[in-house]
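A short worksheet on the structure shown next.
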Amino acid sequence: MGTLFNQKPRYENESYAVNRIDSIKKIAKEKGLTIEETIMCLDYAMREHDMDVKDEQLAGFGELLKELNESIVSLGEQIKEGLSEISK
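Take -12 as the starting number for the sequence shown in the working numbering and just add one per residue.
Quick look at the structure:
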């Protein structure tokens, strides 16, 4: 799964929709559910997955912020050392 900078674009077309409909009908029949119940279950599963994905992406974003902070602190220390050398 792509995150932040390497997310691939989604490719959806008519056959994608038809395949989803066929999958929903198949699952409903296999599990003895109505189409509506099946859609509700799939919707729940997709929302749960979406939350997991966002959690992973936020963790990646947090790592980027941590690296940025460390770089800024390091740059500040280098500037301080440089100013100290100039004032001698």
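Heads up, the beta-carbon is just placed ideally off N, CA and C, and yes, glycines get one too.
How would you label residue i, buried or exposed, when you count the other beta carbons within 10 angstroms and need 16 or more for buried?
i: T25; result: buried
If you check the beta carbons only, do residue i and residue j fall under 7 Å apart?
i: A15; j: I22; result: yes
What first and last residue would you give for the alpha helix (DSSP H) that runs through residue i?
i: K16; result: 1 to 18
i: S71; result: 22 to 73
For the candidate residues the options, whose alpha-carbon lies nearest to that of residue i?
i: M27; options: L62, I59, I11, E54; result: I11
i: N(-7); options: Q65, K53, L52, G47; result: G47
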